[in-house]
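Note sheet for the following structure.
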Amino acid sequence: MKSYSETLSTIYFGRSSADRLYIHEKISCIPITKIETGNSKRAFSIIGYSCEEGVKRNQGRMGAVNGPDAIRKQLGKLPNHLLEDVAVYDVGTVHCMNGDMENSQKDLSELVSQTLNQNHFPIVLGGGHDVSYGTFNGLKEHLSNSGSIGIINFDAHFDLRNNQPEDLTIVNNSGTPFYQIAQDCKQNETPFKYLCLGIRKDANDRTLFETAKELDVKYIMRDTFRIQFHNEINAWINAFTGSVDHIYVTIDLDGFSSAYAPGVSAPSPMGFTPDVVLESLKTIMGSGKLRALDIAELNPDFDVDNQTAKLAASLVHYVIHDLP
Ligand SMILES: N=CN[C@@H](CCC(=O)O)C(=O)O
Ligand SMILES: [Mn+2]
Ligand SMILES: [Mn+2]
1 MKSYSETLST IYFGRSSADR LYIHEKISCI PITKIETGNS KRAFSIIGYS
51 CEEGVKRNQG RMGAVNGPDA IRKQLGKLPN HLLEDVAVYD VGTVHCMNGD
101 MENSQKDLSE LVSQTLNQNH FPIVLGGGHD VSYGTFNGLK EHLSNSGSIG
151 IINFDAHFDL RNNQPEDLTI VNNSGTPFYQ IAQDCKQNET PFKYLCLGIR
201 KDANDRTLFE TAKELDVKYI MRDTFRIQFH NEINAWINAF TGSVDHIYVT
251 IDLDGFSSAY APGVSAPSPM GFTPDVVLES LKTIMGSGKL RALDIAELNP
301 DFDVDNQTAK LAASLVHYVI HDLP
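See below:
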């Protein structure tokens, strides 16, 4: 792996206790290859994807490269309610070197797959949304054709920009990962199963809606993705999770209203709220099929009082505590 660093345990800090009351006292920073198979009932592995090249190529605002560490700093301070039979590791960060985003995605997929092979649940912290091409391929590699994978994306955007090689003006970037996955699925003759939650009409052009239709993408528009409609939303989610064998969840922080998530490249004043995301996550986790999670697009340069990093940290906290 060309661009990997171990995580320094000092990135996790906070109040100290004698009884692991805080997450920074619970997390072990150790490369995945050095972790011995323990007797934990469940293990989570945090992975950093420190890359803003996809955002740059997509004409966005720089800063996502510092996303993983900003989330780690907020996560360490949170209370730990986990029992001893749940382990939490941080297995390091993949860095994008010399703009080689494709190599970073490859390195990430390797790390995600190694993590899953150790029976750990990977939680990847981005980085631009190009992180998804790495996380998905890591899961795919690990599963090696044993069952279908459904992608659930919490996002204002489809990220289905067409990167066809004949159009050299569009290259792989933070807006193309799911189109790339769809093309791979087509080539491998596997189904492309993609559900987007929180899509904004004012953030996706007509061609993106057309691509979504062609690829049979399921989506719930932002107007409907509200807690008041939780019964309908849960029914959609259950129908989707029931149609696949494994689920990969990706959360793009720019889908949240900028009132909650100002620290992103492309903020959403009319975005969704955390309550509907938590409710949806609960339903997804209840399916028993969730295999991997990533959180994309944190840009600490535009954050206000670390609100967006804290939101991302709380999402990680929720999943590690509530995954059944
Ligand atoms: N990952 C982000 N993708 C969005 C960015 C939108 C924007 O820059 O306004 C997209 O390409 O659609
Ligand atoms: Mn987005
Ligand atoms: Mn996105």
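If you're matching positions, the sequence shown starts at 1 in full-length UniProt numbering and goes up one per residue.
Just so you know, even glycine gets a beta-carbon here, dropped at the ideal spot from N, CA and C.
Note that the C-beta distance between residue 241 and residue 150 is below 8 Å. Between the segment 172-188 and the segment 112-131, the count of Cβ pairs shorter than 8 Å is three or higher; the stretches touch. A Cβ-Cβ distance of about 14 Å is found for the pair residue 280 and residue 271, leaving them out of contact under the 8 Å criterion. Across the set 111, 146, 137 and 200, the C-alpha of 137 shows the shortest separation from the C-alpha of residue 181. The beta-carbon separation of residue 85 and residue 16, rounded to 23 Å, does not stay under the 8 Å limit for a contact.
For residue 227, the closest alpha carbon among the candidates 282, 69 and 265 is that of 282. According to the DSSP secondary-structure assignment, residue 264 is paired through a beta bridge with 298. Excluding the 5 residues flanking it on each side, residue 99 has same chain C-beta neighbours closer than 7 Å at 53, in chain order. For residue 277, the enclosing alpha helix (DSSP H) has its first and last residue at 274-286. For the pair of segments examined, the segment 152-161 was found not to touch the segment 29-45: the number of CB pairs separated by less than 8 Å stays below three. Within the chosen limit of 7 Å, ligand 2 does not reach the beta carbon of residue 126 with any heavy atom. When distances are taken from the beta-carbon of residue 63 to the heavy atoms of ligand 1, even the shortest one reaches 7 Å or more. In the structure shown, residue 179 falls within a helical segment according to DSSP collapsed to helix, strand and coil. According to the DSSP assignment, residue 317 belongs to the alpha helix (DSSP H) that extends over 307-322.
Contact between the segment 116-128 and the segment 52-70 is present: 3 or more CB-CB pairs across the two stretches fall below 8 Å.
With contact defined as three or more Cβ pairs closer than 8 Å, the segment 181-201 and the segment 215-233 are in contact. If you measure from each CB to the nearest heavy atom of ligand 2, the residues under 5 Å come out as 155, 156, 157, 252 and 254.
Within the same chain, Cβ atoms closer than 6 Å to the Cβ of residue 323 are found at 285, the five residues on either side in sequence being excluded.
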